[in-house]
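First the structure, in the form of structure tokens, and then the observations on it.
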Amino acid sequence: MAFKPLPIGVDDFGKLIEEGYYYVDKTLFIKELLDMRGEVNLFTRPRRFGKTLTMSMLHYFFEDTSDQPGNRERGKLFSGLKILEAGQVYREWMGSRPVISLSLKSGKQPDFKTARESLIGEIRKEYNRHDGVKSGDRLLENEKQRYRAIQEGTADEAQYRTSLEFLSSCLNKWYGKKAIILIDEYDVPLENAWMRGFYGEMVDFLRSLFESALKSNGSLEFAVLTGCLRISRESIFTRLNNLKVISILSDAYGEHFGFLEEELETMLAFYGLEQWGGRLREWYDGYLFGNARVYNPWSVINCVDAAAVNPEAFPAPYWNNTSSNAIVKDLIERADAGVKREIEELLEGKTIEKPVHEDITYEDIYASEDNLWNFLFFTGYLKKVSMRMSDDSRYIKMAIPNREVRYIYTHTIRSWFQDAIKTRDLSELYQSLFTGDAERTERELGRLLMESISYMDSREAFYHGFVLGVLGNLKEYLVTSNREAGAGRYDIAVRHPDVSRTPVILELKVSDTYRGMEDACREALKQISDRHYNDWLPEEGYSEVLDYGIAFFKKQCRVKVRRVKFG
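Numbering-wise (UniProt numbering), the sequence shown opens with residue 1 and increments by one.
Take a look at the structure:
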């Protein structure tokens with residue numbers, strides 16, 4: 001069987017099929033969409049779960065391109081795919097309707113003026129794509145003038161705000177058929193506007209644009225919107241009572257976004273990577289959409305692509321959404337002691353239970369702690385383990401989905417802690433460290449530990465990173481870690497280029513019990529001497545060293561020190 005490249009970053013269905021990329025057949029989404037017959041369908045899924053490719057597939061399947069030059073035979077694109085085997089009633093829909101396809105994923109401008117211009121630019125592209133509808137006499141002259149004004153960017157505000165509705169009306173007149181409207185990543189401009197400070201203006205513009213096109217529009221066959229979150233009716237879908245929301249909690253359509261287990265196994269067999277199943281399951285599985293357990297498709301195809309080149313490669317965190325990562329960081333920065341403990345429980349592989357609300361606004365994300373947890377759940381940073389009803393509320397037990405997302409949490413926590421440390425006055429800790437005051441060093445380290453968030457997959461690694469972060473502000477000192485010395489590798493060494501200043505060697509231990517910290521400190525000091533970790537310092541010109549044995553148990557620590565003079 002001929003090799004097929006994996007479609008990394010390819011979200012145009014026509015290109016994917018025509019250029020021979022590997023394709024996981026999701027065309028039965030079309031069947032379910034036609035069977036369910038929702039008039040306005042909003043699909044909410046995390047970023048990079050195949051929404052754009054799905055919308056492109058719908059575009060190619062449904063669109064009648066007779067008003068466009070150079071149109072291609074759409075039937076060839078779907079040859080051999082499941083939708084053509086589903087029955088004649090579905091095949092009759094292929095190439096049968098005019099389609100308005102609008103992507104808002106590039107709506108990430110710094111202010112409302114440029115964001116609005118960008119959105120209008122996307123609308124004008126659709127007008128230009130359907131330029132053929134101006135031919136003939138199916139549109140009135142004043143309609144052609146209005147059409148041209150939007151194409152040329154000279155229309156007034158009211159015309160832009162009703163431009164999707166007007167385009168659907170023009171297409172209906174030209175084809176004699178109602179239009180299908182596809183709007184991909186509808187909430188990207190809203191998320192950007194919220195982050196940049198012009199949320200209200202963007203909500204007002206999109207509300208007008210969507211409401212005119214999607215409510216009581218006699219030229220609308222049906223509409224499909226995709227996004228990451230369902231924005232509440234009060235925010236953008238005001239008075240849109242025909243909206244059908246399909247979220248990650250909905251049973252319908254669960255298998256169409258993300259890869260199912262059997263789809264992953266087929267892909268691995270195609271590339272001769274069957275042995276990778278366990279690693280991919282650990283790193284990228286864990287999502288539950290309705291009743292379907294799915295893998296993150298973006299991460300899977302990136303990992304399989306790397307493994308196809310080098311079967312000895314390691315899984316890596318490919319899924320990245322910087323804006324949502326920023327909100328994870330905000331959650332951590334705002335966390336009180338209770339939230340910090342819940343984050344630690346999640347990182348320990350435990351679950352937390354929270355009430356779930358599907359319709360929120362970006363403005364309300366920080367209004368309550370529950371809203372933040374909801375945001376993390378619906379954007380893919382937490383998964384559903386189980387659900388129960390209590391009175392009129394749904395409560396979901398949530399957990400971190402997989403190692404990839406866990407890495408994002410730990411990386412974000414590490415970054416947050418390092419940033420927070422930079423703003424702290426640590427002079428008392430540093431003074432006690434370099435004067436050999438074990439009691440004060442213990443007190444200052446313990447205070448910082450209580451403020452931190454621990455992640456316990458590798459406990460020594462956490463504490464090692466914690467101490468390195470604390471020492472990061474020692475700008476005049478050389479801080480080295482895990483260097484070979486004597487008969488092993490010391491944990492951390494801190495020294496000043498001025499050899500008259502006493503250096504320190506730190507050996508860190510983790511105790512299984514509170515009382516065991518005393519023995520762990522003594523063991524650490526013994527290890528420094530037995531393995532001669534400080535023997536290299538006299539050769540550098542230092543006359544003495546402070547050896548520290550530091551033991552940790554959860555958020556507690558013990559510190560012991562001895563001064564060793566060389567001579």
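All C-beta atoms, glycine included, are put in the ideal place defined by N, C-alpha and C.
Quantities reported herein were computed from a predicted structural model and do not represent experimental measurements.
Pick out whichever of the options has its Cα sitting closest to the Cα of residue i.
{"i": "Thr162", "options": "Leu209, Ser235, Gly541", "result": "Leu209"}
{"i": "Leu164", "options": "Ile360, Tyr127, Leu506", "result": "Tyr127"}
{"i": "Phe49", "options": "Gly38, Lys26, Val40", "result": "Lys26"}
{"i": "Ala149", "options": "Ser212, Ser454, Ala86, Gly121", "result": "Gly121"}
{"i": "Asp530", "options": "Ala420, Phe566, Gly486", "result": "Gly486"}
{"i": "Glu451", "options": "Gly153, Ala335, Ala86, Arg394", "result": "Ala335"}
{"i": "Gln431", "options": "Glu442, Asp392, Lys340", "result": "Glu442"}
{"i": "Tyr395", "options": "Leu84, Tyr548, Leu249, Lys354", "result": "Lys354"}
{"i": "Thr513", "options": "Ala551, Asn217, Gln145", "result": "Ala551"}
{"i": "Gly446", "options": "Glu274, Arg91, Val470", "result": "Val470"}
{"i": "Leu429", "options": "Glu444, Pro317, Glu117, Ile123", "result": "Glu444"}
{"i": "Val294", "options": "Lys329, Gly258, Arg281", "result": "Gly258"}
{"i": "Ser511", "options": "Pro503, Thr502, Ala524, Val504", "result": "Ala524"}
{"i": "Lys475", "options": "Val494, Leu347, Asp187", "result": "Val494"}
{"i": "Glu152", "options": "Glu141, Ser169, Ile123", "result": "Ile123"}
{"i": "Asn41", "options": "Asn241, Arg207, Tyr90, Glu19", "result": "Asn241"}
{"i": "Tyr199", "options": "Asp156, Tyr362, Leu268", "result": "Tyr362"}
{"i": "Lys113", "options": "Arg281, Glu157, Leu225", "result": "Glu157"}
{"i": "Gly272", "options": "Tyr284, Val304, Ala438", "result": "Val304"}
{"i": "Gln109", "options": "Asn142, Trp194, Glu92, Ser79", "result": "Trp194"}
{"i": "Gly286", "options": "Asn402, Leu81, Val559", "result": "Asn402"}
{"i": "Gly227", "options": "Gln275, Thr52, Asp425", "result": "Thr52"}
{"i": "Phe270", "options": "Val561, Lys4, Tyr548", "result": "Lys4"}
Kindly identify the DSSP beta-bridge partner or partners of residue i.
{"i": "Lys51", "result": "According to DSSP, Lys51 bridges with nothing at all."}
{"i": "Ala399", "result": "Lys383"}
{"i": "Cys557", "result": "Phe552"}
{"i": "Val353", "result": "As written in the sequence, residue 353 is Glu, which differs from the Val given in the question. For Glu353, which the question treats as bridged, DSSP gives the partners Lys397."}
{"i": "Thr480", "result": "Ala493"}
{"i": "Ser101", "result": "Leu182"}
{"i": "Ser390", "result": "Ser393"}
{"i": "Glu63", "result": "Arg97"}
Who are the Cβ neighbours of residue i in its own chain at under 8 Å, not counting the five residues just before and after it?
{"i": "Arg97", "result": "Phe62, Glu63, Asp64, Tyr175, Lys177, Lys178, Ala179, Ile180, Glu221"}
{"i": "Val499", "result": "Glu540, Gly541, Tyr542, Ser543"}
{"i": "Glu32", "result": "Ala252, Tyr253, His256"}
{"i": "Arg74", "result": "Tyr60, Phe61, Glu63, Thr65, Met94, Gly95"}
{"i": "Gly329", "result": "Reading off the sequence, residue 329 comes out as Lys, not Gly. Answer for Lys329: Thr412, Ser415, Trp416, listed in chain order."}
{"i": "Leu28", "result": "Lys82, Ile83, Ala86, His256"}
{"i": "Trp536", "result": "Ala485, Gly486"}
Can you grab the Cα-Cα spacing for the pair residue i / residue j, in whole Å?
{"i": "Glu488", "j": "Glu540", "result": "Inspection of the sequence shows that residue 488 is occupied by Gly rather than by Glu. Straight-line Cα distance between these residues: approximately 19 Å."}
{"i": "Leu264", "j": "Gly277", "result": "8 Å"}
{"i": "Ile83", "j": "Ser247", "result": "23 Å"}
{"i": "Leu190", "j": "Arg483", "result": "49 Å"}
{"i": "Ser212", "j": "Leu372", "result": "32 Å"}
{"i": "Met202", "j": "Met57", "result": "28 Å"}
{"i": "Phe289", "j": "Glu518", "result": "49 Å"}
{"i": "Phe462", "j": "Leu448", "result": "14 Å"}
{"i": "Pro315", "j": "Arg279", "result": "7 Å"}
{"i": "Tyr366", "j": "Lys340", "result": "16 Å"}
{"i": "Lys15", "j": "Met55", "result": "14 Å"}
{"i": "Gly197", "j": "Asp364", "result": "14 Å"}
{"i": "Ala2", "j": "Thr266", "result": "15 Å"}
{"i": "Gly136", "j": "Leu102", "result": "26 Å"}
{"i": "Leu268", "j": "Lys125", "result": "39 Å"}
{"i": "Arg558", "j": "Leu426", "result": "18 Å"}
{"i": "Asp204", "j": "Ser250", "result": "29 Å"}
{"i": "Tyr186", "j": "Ser481", "result": "47 Å"}
{"i": "Arg459", "j": "Thr423", "result": "26 Å"}
{"i": "Glu261", "j": "Ser368", "result": "36 Å"}
Of all Cβ atoms in chain D, is any one closer than 8 Å to the Cβ of residue i?
{"i": "Ala520", "result": "In the displayed structure, chain D is absent; only one protein chain is listed."}
Beta-carbon within less than 6 Å of residue i's beta-carbon, same chain only, minus the 5 sequence neighbours each way: which residues are those?
{"i": "Leu382", "result": "Leu376, Met398"}
{"i": "Asp491", "result": "Leu506, Glu507, Leu508"}
{"i": "Glu358", "result": "Arg230, Ser247"}
{"i": "Phe78", "result": "Leu84"}
{"i": "Val385", "result": "Thr351, Lys397, Ala399"}
Considering only residues of the same chain and omitting the five flanking positions on each side of residue i, which have a CB-CB separation below 7 Å?
{"i": "Trp319", "result": "Arg48, Asn296, Trp298, Ser299, Glu404"}
{"i": "Gln527", "result": "Glu507"}
{"i": "Gly465", "result": "Arg414"}
{"i": "Phe417", "result": "Ser452, Gly469"}
{"i": "Gly107", "result": "Ala115, Ser118, Leu119, Val188, Pro189, Asn192"}
{"i": "Val10", "result": "Leu16, Tyr21"}
{"i": "Ser168", "result": "Ile100, Ala179, Ile181, Ala213, Asn217, Ser219, Leu220"}
Kindly examine the ligand ATP and report whether one of its heavy atoms sits closer than 7 Å to the Cβ of residue i.
{"i": "Gly80", "result": "Absent from the structure shown: the ligand ATP. Ligands present: none."}
- Task: Would you list, in sequence order, the uninterrupted beta strand (DSSP E) runs of no fewer than 3 residues that lie entirely inside the stretch 271–322?
- Result: 287–289, 292–294
- Whole runs of the beta strand (DSSP E) within the stretch 106–186, excluding any shorter than 3 residues: 179–184
- Completely contained alpha helix (DSSP H) runs for the stretch 189–269, where each covers 4 or more residues: 199–214
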